[in-house]
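Novice:
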Amino acid sequence: MPERIVVSFRGTAALSRPDSTDAVLPSLGRRGAARAAAPPSRHRGAPRDAGAAARGEGAAARGEETYLARALALKKRAEALGATLCAWSAQTFSFEFTPEDIEEAVLLAALAAEDASVHPDARFAVGIAQGEMTYVGEAGRFTALSWGQPLLVAVMLARIALPGDVLLDPALPAVLAGELMTLGAHRGVDGARRVRGLRLDAQQPLRRQVAESVARLSRPPLIGRNGELAALAVPPGSLALVRAEPGAGGSRLLLELSRVLAPSRSLFVAPIGASREPFGALRRALARAAARAEKGRARAPSLPDRLSPALARLIAGEGVEPWTAAEVVASWLAPEGARSGLILVDDTGEVDAASLEALAIALEMGGGLRAVVRLGRSEPLPAPLNAMTLVATAALGPLSAAGAQELVRRLLDGCIDEAGARRWAARAPAFPLALRELICEALESGALRWIGRSVAPRRRSAGRGGPARTMTGAELAAPPASRAIEGRLRLLPIGPRTVLTALATLGGDASESAIEALCDGTGAPKVAAVQAALLGAGWVVRPEPGWLKLSSRTLRDVLLAAVPPGERSAWHLAAARVVEDHAGVLGLADAAWHAAKAGDRRSAADLAGRAARAAGDALLESSAAELLAFADEQETAREHRLDAAPDSTSSQPPTFRTPIEVVGDAPDPQRGAPGSDGSAADASRAAADSAARRRGSTMPVESGGARDGAPRASRPEGAAAPPDVAPAGFPDVALLEEDFPLADASGDPLAKTSESPVLSMNDIAVRLADLAKQALVQGELRTLERLVDELRRTGEHPELVERMTGLVSLGRGAKDEALRRFRSAAEAEASPAQKARALLAYGIALAAAGRTEGALLEALSALARAREAEDRRGEQACAQFLARLAAATGHEEAARTWTQVARLAGAAPPA
């Protein structure tokens, strides 16, 4: 038995000769007395006057002419909407719809109940119910007789309904889901049954129609902030501060200042993304200012020729030196006549430091620039702005009671009376955002009903509320608008809410393409399909074509807090990939932050290293240092985690990554000092073991010394690294006969190298190379970087310098940069011995990056070239690296075989 929605109509059909039959008699009461005449209709709650009664009697007299015509017209309309006539009687008839056609069923009922061409007392009364119906037979093309409980319920509801009313079965699924708007309950008696139905709001029957009322809210002028505006009218060349908590109207005040101060040009700077991208906020502000200048009447300012490329680099996300960025800002906001430029910074505490530094430099350049920044009540002034003198400070508190009432009236375009405005203004804290969100929630939930030029409560109790309850500490600490926003989000369908969550994850301000990419795979609708509704409901604004921005920071925080803890890592991981694909090279800093939040430490270190490299190229030294420190932190945290236990929560497959410390060269067993009995080799082994333990190596390290009679290995089995300084041999990181400590008493590893007055340049280069290799073994990346820089200054051993630089980049997380260096060296033309060294170094770098297959192929190629050159030490190094690679990937038999090959190569006399 199929489930159907049944809509039953009851009309008034008068008899043609009521005085010629005894069938129409007064109904008797319980004791046999005639019942009193029915009272006048209570429709709309207003009594009928004598004229109305006369018109009603006239309409009843013409009932035999109009009832059938109206019923047939309604039948045609129902058939056009896909309905089927399922039952009829003298004064009732019913249609059935499929459950998916609930909107069509409600529309048909509302149109009949609100038919303006029919007198209110002669309109149809309607009942709607849903359930299983039994097919009986056909009586025409659009008639399929059916019977079932929904038909009985719908007919009873139609019988007790007043003319012009639509009563809904309280068990109707659409009612339970909150999709239909009601005006309270109506009770009556049909025969011996008590019947109760919910009155449908025929003028706004669907919740989505009610939600569309939010789009009618007006943008009121700034209310109650005249004193603050006057205080912030600062002279040119000065800095002013606005202190305002979220929702107090700080952003709106900044925009109003741009109008009141009438600057030559203004630049509105706000946080973007995760606020980790150097110059991210300044880049977006300049891009939007340039877009507005192209669309508006005011033309973009003409910059000096030397600054035009800098502006292009800034907007492209490539970055420039801070002083150059400041010059771009100063030129963009150059004064025109008596008017000077204005810088407005919103949510200053979240703006990246590089943007603030450039703005501070621009203010110090002169030229009459003035700035107004907004912070929270207790937020300290960021470091780049500390050196500047504040000439004015304004704090935004709650509105007065009169101001709150005025704001409610202005939001509703004056369509609510004074009592209603006072009633709703008292329902929320007197902050602008809280009041606006409260009105939006009331309209979307149906508590307020906006019809024409009238806004009134849908029920008498709406807006009054129960007794005040004690709020929790979290509720007291939350922004005032949080509760209203949470209530609105509960009414929002899952699809648009997912789009909003994606936008919040991206920082609350992102391109539509990035939002679309992040929503891909979540089942959310296309951004284009929901953006009109989101814009109309005030969830988002459009700061520029192709971009969406959440309407408030409070909304962003509420959306992020609502994400279940188990899903946050997935959101951040997907966001890291989206930002990597859509951002510039400096924007990879945001991607690194998302990867770190997702627990993907390796990707976070790699992305941060690449962003640091770009920041260094742009001479953003502070940003580069911060990003490098972040990359080191992520790499260290990852290695400590690997040392403790495998990470079962990571979305990345497990990889076997060769640690930086064990990619040094295999030493020559015969290079130990005479009479040392392998002590130097043991020391080297201990250093390597210590480094491997400290950095969380996943590679197996041979424990214990070599057995008697066997040559002692001075490094873990299978280790290999960049070539030695000796031009004819493979690298050798064994301790030399002379003891060169890594640092002198002062702790400076360079104290006895380039600054020594007794060493020749060649000796300096040799010792620098030795120290660099020791730093590599011990995992001292910072020391290694300094030593490589010193070695580069000597001009000696360029191949070693290049490979060591690649290893430093790899250790910093700049994987792509490191692999590029090694690949270029491996593809260059060289002798077989040099080619073998370059190929092996490339293979080691690939292993360190987790690309074991490529590492295997390059190591085999290096082994072939070493044998071609008859280089036994090179062959030994390749074999040891292959043994380590096989062991790391779980191929123990292959590892033992390659270990034996390495021993044979080391035991053979050199060619």
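According to this note's numbering, the sequence shown is numbered sequentially starting from 1139.
Glycine included, each C-beta is placed from N, C-alpha and C at the ideal position.
1. From L1978 to L1482, what distance separates their C-alpha atoms?
2. Cα separation between E1474 and P1373?
3. Below 8 Å between beta carbons: does that hold for R1748 and L1766?
4. Determine whether the beta carbon atoms of V1467 and A1431 lie at a separation below 8 Å.
5. Using a Cβ-Cβ cutoff of less than 7 Å, which residues in the same chain neighbour P1970 once the five nearest sequence positions on both sides are dropped?
6. Determine the DSSP secondary structure at F1147, reduced to helix, strand or coil.
7. Please go through the same chain and pick out, in chain order, the residues whose beta-carbon is closer than 7 Å to the beta-carbon of L1757, but skip the five residues on each side of it.
8. List the endpoints of the continuous beta strand (DSSP E) containing E1270.
9. Should S1351 and W1709 be called a contact, given that it needs their Cβ atoms to be closer than 8 Å?
10. Should L1112 be labelled buried (16 or more other beta-carbon atoms within 10 Å of its own) or exposed?
11. Looking at P1681: is its Cβ nearer than 8 Å to the Cβ of R1512?
12. With C-beta atoms as the reference, is L1355 less than 8 Å away from I1577?
13. So A1580 and A1572 are supposed to be a Cβ contact under 8 Å. How far apart are they, rounded?
14. Out of curiosity, what's the CA-to-CA distance linking A1830 and A1652?
15. Would you mind working out which of G1988, G1981 and T1990 sits nearest L2001, comparing C-alpha positions?
16. Determine the contact status of L1441 and L1449, defining contact as a CB-CB distance below 8 Å.
17. Looking at the strands, I want to know which residues DSSP matches up with Y1273.
18. Look at the Cβ atom of L1295, then the Cβ atom of G1335, and state whether they are nearer than 8 Å.
19. On the CB-based measure, 16 or more other CB atoms within 10 Å of its CB, does G1722 come out buried or exposed?
20. Give every residue of the same chain whose Cβ lies closer than 6 Å to the Cβ of A1563, excluding the five residues on either side of it in the sequence, and list them in chain order.
21. Just the C-alpha distance for P1258 and L1300, rounded to the nearest angstrom, thanks.
22. Does the beta-carbon of A1818 have 16 or more other beta-carbons within 10 angstroms, so that it is buried, or is it exposed?
23. Please report the distance separating the alpha-carbon of S1478 from that of E1488.
24. Beta-carbon of Q1342 versus every beta-carbon of chain B: anything under 8 Å?
25. Should L1528 and E1366 be called a contact, given that it needs their Cβ atoms to be closer than 8 Å?
26. Using three-state DSSP, classify G1584 as helix, strand or coil.
27. Is T1204 a contact residue of the ligand HEM, with contact defined as CB to any heavy atom under 7 Å?
28. May I ask you to list the residues that DSSP assigns as paired with P1595?
29. Residue range of the beta strand (DSSP E) that S1232 falls in?
30. How would you write the range of the alpha helix (DSSP H) that W1226 sits in, first residue to last?
31. Between the C-alpha atoms of S1405 and A1423, what's the straight-line distance to the nearest angstrom?
32. If we ignore side chains and look at the alpha-carbon of each, how far apart do L1399 and A1371 end up?
33. What separation, rounded to the nearest whole angstrom, lies between the Cα atoms of D1239 and Y1273?
34. For V1678 versus S1689, is the C-beta spacing smaller than 8 Å?
35. Under the rule that 16 or more other beta-carbon atoms within 10 Å means buried, what is Q1268, buried or exposed?
36. Go ahead and label K1664 buried or exposed: buried means 16 or more other beta carbons lie within 10 angstroms of its beta carbon, across all protein chains shown.
Specialist: Let's see:
1. Rounded to the nearest angstrom, the gap between the Cα atoms of L1978 and L1482 is 55 Å.
2. Whole-angstrom Cα-Cα distance: 15 Å.
3. In this structure, R1748 sits away from L1766, with a CB-CB distance that is not shorter than 8 Å.
4. No; because the gap between Cβ atoms is not below 8 Å, this pair is not in contact.
5. Closer than 7 Å at the Cβ level, and outside the excluded window around P1970, lie R2003, E2006 and A2007.
6. If DSSP states are grouped into helix, strand and coil, F1147 belongs with the strands.
7. Contacts found: E1459.
8. A1263 to E1270 is the extent of the beta strand (DSSP E) around E1270.
9. In this structure, W1709 does not lie closer than 8 Å to S1351 by Cβ.
10. One cannot answer for residue 1112 here, as it falls past the ends of the chain, which runs 1139 to 2049.
11. No, Cβ-Cβ distance for P1681 and R1512 is not below 8 Å.
12. Cβ distance < 8 Å, so L1355 and I1577 count as in contact.
13. No, A1580 and A1572 are not in contact; Cβ-Cβ is about 13 Å, not under 8 Å.
14. Because A1830 carries a pLDDT of 41, less than 50, the predicted location of this residue cannot be relied on, and the following value inherits that uncertainty. Between the alpha carbons of A1830 and A1652 lies a gap of roughly 41 Å.
15. Ranking G1988, G1981 and T1990 by Cα distance to L2001 puts G1981 first.
16. In contact: L1441 and L1449 (Cβ atoms closer than 8 Å).
17. Per DSSP, the beta bridge partners of Y1273 are S1284.
18. Yes.
19. Buried.
20. For A1563, where only same-chain residues beyond five positions count, the Cβ hits under 6 Å are A1542, Q1543 and V1546.
21. When rounded, the distance between both Cα atoms is 10 Å.
22. Residue confidence for A1818 is low, a pLDDT of 38 falling below 50, so the modelled location carries little weight and cannot support an answer.
23. If you take the alpha carbons of S1478 and E1488, they lie about 26 Å apart.
24. The question asks about chain B, but that chain is absent: this structure has only one protein chain.
25. No, Cβ-Cβ distance for L1528 and E1366 is not below 8 Å.
26. In this structure, G1584 counts as coil in the three-state DSSP scheme.
27. Annotation note on the ligand HEM: not contained in the displayed structure, which lists no ligands.
28. Beta-bridge annotation (DSSP): P1595 is paired with L1586.
29. Element bounds for S1232: T1230 to F1235.
30. Where W1226 is concerned, there is no enclosing alpha helix (DSSP H), although the beta strand (DSSP E) it sits in stretches over T1222 to W1226.
31. The sequence as given places Leu at residue 1405; Ser does not occur at that position. Looking at the two C-alpha atoms, the distance is approximately 7 Å.
32. L1399 and A1371 have their C-alpha atoms spaced approximately 7 Å apart.
33. Answer to the nearest angstrom: the Cα atoms are 19 Å apart.
34. Yes; because the gap between Cβ atoms is below 8 Å, this pair is in contact.
35. Here Q1268 is buried: its Cβ has 16 or more other Cβ atoms, across all protein chains shown, within 10 Å.
36. It counts as exposed.
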